[in-house]
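Student: Line by line, the protein sequences are chains S and E. The working numbering numbers the first residue of the first sequence as 4 and each following residue consecutively. The working numbering numbers the first residue of the second sequence as 374 and each following residue consecutively. One structure coming up, written as structure tokens, with questions to follow.
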Amino acid sequence: MANQIVVNANQTVSKINRNIYGHFAEHLGRCIYNGFYVGENSDIPNVDGLRLDIIEALREIRIPVLRWPGGCFADEYHWMDGIGPKELRPSMINTHWGGVVENNAFGTHEFMELCEKLGCEPYICGNVGSGTVREMSEWIEYMTFDGKSPMADLRRKNGKEEPWKLKYFGIGNENWNCGGRMRAEFYADNLNRYNLYARDYGENKLFRIAVGPRGENYHWTEVLMREAALYINGLSLHHYTRVGDKVIIHKCADDNEKYTSKQGEDHFRGSATDFDEKDWFGIMKAALMMDEIITKHAAIMDKYDPEKKVALIVDEWGTWFDCEPGTNPGFLYQQNTLRDAVSAAATLNIFNNHSDRVQMTNIAQTINVLQAMILTEGDRMVLTPTYHVYNMYKVHQDSELLNCGIVSDEYKYNGEKIQKINSTVSLDCKGIIHITLVNMDPNEPATVVCYISEYGSFTLKHGEILTSENMNDMNTFDVPDRIKPKKFMGAVIKGDKVIIEMPPKAIVMLELEQVK
Amino acid sequence: MNDYSACKRCTYLNMSDEDYDRYIRRILASMKPQEKVNEDVYRTRLASCSTCVYLQNGVCGMCGCFVELRAAGISSHCPMRKRKW
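Take a look at the structure:
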């Protein structure tokens, strides 16, 4: 059977919000400290302690939004610890993870400066789990109030005269577990209370994001949409791409879920780099699961919000493997191979194709943690294969998703099968069509015929491919450019067709331009 | 991020000091003799690490490694720009 894509260039479905290509930075391991932030006195080139090579690399992929400070850290973070003169900020020994010192050198002002340097929107996550309504309310006031008030005056005293513009604000994080082990009903009531006092000041209008479900917890979505849809702009979803899960899910009689975890050493998820085809297939299948999960949550949201006013915000996702041998397991540092790139590309295609409801996603996490864009070691930096996917896919940011149908061969392994090919087709504001395609099969190439109607004559303006010889190839500090995009020569145009010869385990981006 | 499903803190909570000790010893024991530096070099490296500002609770802030493991590798080096070893 042939792989076919049928596109109508006149039928746009929804805008692909640029924030689908968003990122996440938590105070975890070496994401913030010794990642983004090396301190003013570091001999690593920096501006105000922010690492310059990282800023440049993330500007290149047009990072649209950055979520901070967590994650679970958000529900233990007390923002007042992170403002004022650094020498006066309290240092805390974190007994939970090996006594690592959090000296609060990176706080609200530093994060806002980072976002300015990156040219991205800040997305701040407030503390519901261990913070008060007043604490959250005052943080908003501190950041966004332009008049005279105790918090606005405190901000001015700390050197920031004008308020910041802050749009995206999360009311808690994972309150079903690390954010307070709440039932959906209890969180919904708390959400409405915290949210009420998170005021809009002046022209600053918050986009309010409620904590959504873990993975397949559909009860949570049902309750949150029923109880809070009128008051929120977004509902988050956390779902990681993994084959072995440390979590044990306990289903309760009232349809809620409780979570515990398996004990002992942390070897449940497999190696990020040492794997075979069984593990490759498992991750590809897990990546495609995102489609089913979004479809089911979106169906519940449609019931309460048919006009799609409430966005689905997938603000934690990505691959999760065992940490690199020899590194601190609490730092969640993992390498990144072609497998990560292919699974990310497929997942981004899923998000694009759900862009009527999915308005933002934040892959975890930008630097040195889980499925990172960038790995650092001392002053050295490596751009991961996943980084290159984001660079190839940035063409979809704020483009219009085009209506298309896809017929795909199957990739079969050990009696199981998944769809071999997935794609996104979008039209940008200049009338250029971008196609991103993934061949998930690590063994067999695929011929894909793409029919494009209502677009007249067109030419192939540009093509890129990301692939490598072996499925576990990666970029290392000694060989940093083993995997990077190359010019793609495998596409030809015949009339209204593009015929694409996809190698195995590959990601392709094509740019088509109308002949005028 | 929660590692009940995902919290790094919970991960730590779930691993005792003994678990960590075992973790480090197991990896050291699994290294082949030809992959390891000799005892003198090992001790010199660790002595250097012990004076470094980036060392916290046995972990190097520049690479995230347990220094007792990183220092053992014959092909390893200090991750600092100006290498200490």
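Cβ atoms here follow ideal geometry from the backbone N, Cα and C, with glycine treated the same way. For clarity, every value in this text was computed on a predicted model and none was experimentally measured.
(1) In this structure, how does DSSP classify S:L386 when only helix, strand and coil are distinguished?
(2) From S:P67 to S:A375, what distance separates their C-alpha atoms?
(3) Rounded to whole angstroms, what's the CA-CA distance from S:G110 to S:L69? Just pull it up for me.
(4) Looking at the strands, I want to know which residues DSSP matches up with S:F27.
(5) From the DSSP output, read off the bridge partner residues of S:I235.
(6) Chain E beta carbons: is any one of them nearer than 8 Å to that of S:Q364?
(7) What residues in the region 423 to 441 of chain E have a beta carbon less than 8 Å from any beta carbon of chain S?
(8) Between the region 397 to 412 of chain S and the region 330 to 339 of chain S, can you find at least three pairs of beta-carbon atoms closer than 8 Å?
(9) Below 6 Å CB to CB, which residues in the same chain sit around E:N375 once its five sequence neighbours on both sides are set aside?
(10) Pick out the complete alpha helix (DSSP H) segments inside the region 111 to 138 of chain S, 4 residues or longer, and give them in chain order.
(11) Just the chain S side, please: which residues come within less than 7 Å of E:I400 by C-beta, in chain order?
(12) Which same chain residues end up closer than 6 Å to S:F210 when comparing Cβ atoms and leaving out the 5 residues on each side of it in sequence?
(13) Compare the Cα-Cα distances from S:L386 to each of S:R360, S:Q338, S:Q422 and report the closest residue.
(14) Confirm, please, whether the CB-CB distance from S:T322 to S:L373 is below 8 Å.
(15) Since S:R33 meets chain E, which of its residues come closer than 9 Å, beta carbon to beta carbon?
(16) S:W283 lies in the alpha helix (DSSP H); which residues open and close that run?
(17) Measuring from the CB of S:K120, is there a heavy atom of the ligand GDP at a distance below 7 Å?
(18) Would DSSP call S:H391 helix, strand or coil?
(19) Counting pairs of beta carbons, one from the region 243 to 257 of chain S and one from the region 191 to 208 of chain S, are three or more of them closer than 8 Å?
(20) Please report the distance separating the alpha-carbon of S:G101 from that of E:N430.
(21) Report yes or no: do three or more beta-carbon pairs, one from the region 478 to 489 of chain S and one from the region 39 to 47 of chain S, lie closer than 8 Å?
(22) For S:Y200, which residues in the same chain have their Cβ closer than 8 Å to its Cβ, ignoring the five residues on either side in sequence?
(23) Give a yes or no on contact between the region 280 to 287 of chain S and the region 359 to 366 of chain S, applying the rule of three or more CB pairs nearer than 8 Å.
(24) Exposed or buried, S:T427, counting other C-beta atoms within 10 Å across all chains shown (16 or more means buried)?
(25) Counting only the same chain and skipping the five closest in sequence on each side, list residues whose C-beta sits under 6 Å from that of S:E467.
(26) Compare the Cα-Cα distances from E:A445 to each of E:R395, E:K405, E:V410 and report the closest residue.
(27) Please confirm if E:R443 has its CB atom under 8 Å from at least one CB of chain S.
(28) Counting only Cβ-Cβ distances shorter than 9 Å, please list the residues of the region 377 to 398 of chain S near chain E, keeping chain order.
Tutor: Short version:
(1) DSSP places S:L386 within a strand segment (E or B) once states are collapsed to three.
(2) Those two C-alpha atoms are separated by around 16 Å.
(3) If you take the alpha carbons of S:G110 and S:L69, they lie about 14 Å apart.
(4) Beta-bridge pairing links S:F27 to S:R70, S:A367.
(5) Secondary-structure assignment with DSSP links S:I235 through no beta bridge to anything.
(6) The question names Gln, but residue 364 of chain S in the sequence shown is Thr. It does not: the Cβ of S:T364 has no partner Cβ on chain E nearer than 8 Å.
(7) Those residues of the region 423 to 441 of chain E that come within reach of chain S (Cβ to Cβ, closer than 8 Å) are Y427, Q429, N430, G431, V432, G434, M435, C436, G437, C438, F439.
(8) Not touching, per the Cβ criterion.
(9) Only weak support is given to the placement of E:N375: the predicted model assigns it a pLDDT of 43, under 50, and the value that follows is read from those uncertain coordinates. So the list is empty, once near-sequence residues are dropped.
(10) Within the region 111 to 138 of chain S, the alpha helix (DSSP H) runs of at least 4 residues that lie entirely inside it are, in chain order, 111 to 121.
(11) Those are P328, G329, listed as they occur along chain S.
(12) So the qualifying residues of the chain are K170, Y171, N236.
(13) For S:L386, the nearest C-alpha among the options comes from S:Q338.
(14) Yes, Cβ-Cβ distance for S:L373 and S:T322 is below 8 Å.
(15) Within 9 Å Cβ-Cβ: G434, M435, C436, G437.
(16) Run containing S:W283: 280 to 307, per the alpha helix (DSSP H) assignment.
(17) Looking for the ligand GDP in the displayed structure turns up nothing, as the structure carries no ligands at all.
(18) Correct three-state label for S:H391: helix.
(19) Touching, no.
(20) Here S:G101 scores only 49 on pLDDT, less than 50, and its place in the model should not be relied on; the value that follows carries that caveat. The alpha-carbon atoms of S:G101 and E:N430 are separated by roughly 6 Å.
(21) Judged by pairs of C-beta atoms under 8 Å, the region 478 to 489 of chain S does not touch the region 39 to 47 of chain S, as fewer than three such pairs exist.
(22) Result list for S:Y200: V136, R137, M139, S140, in chain order.
(23) Touching, no, given that fewer than three Cβ pairs across the two stretches are closer than 8 Å.
(24) S:T427 is classed as buried because its beta carbon has at least 16 other beta carbons within 10 Å across all chains shown.
(25) Excluding positions up to five away in sequence, the list reads M395, P488, F491, M512.
(26) Of E:R395, E:K405, E:V410, the residue nearest in Cα terms is E:V410.
(27) At least one C-beta of chain S is nearer than 8 Å to the C-beta of E:R443.
(28) So the list reads T379, E380, G381, D382, R383, given in the order they occur along the chain.
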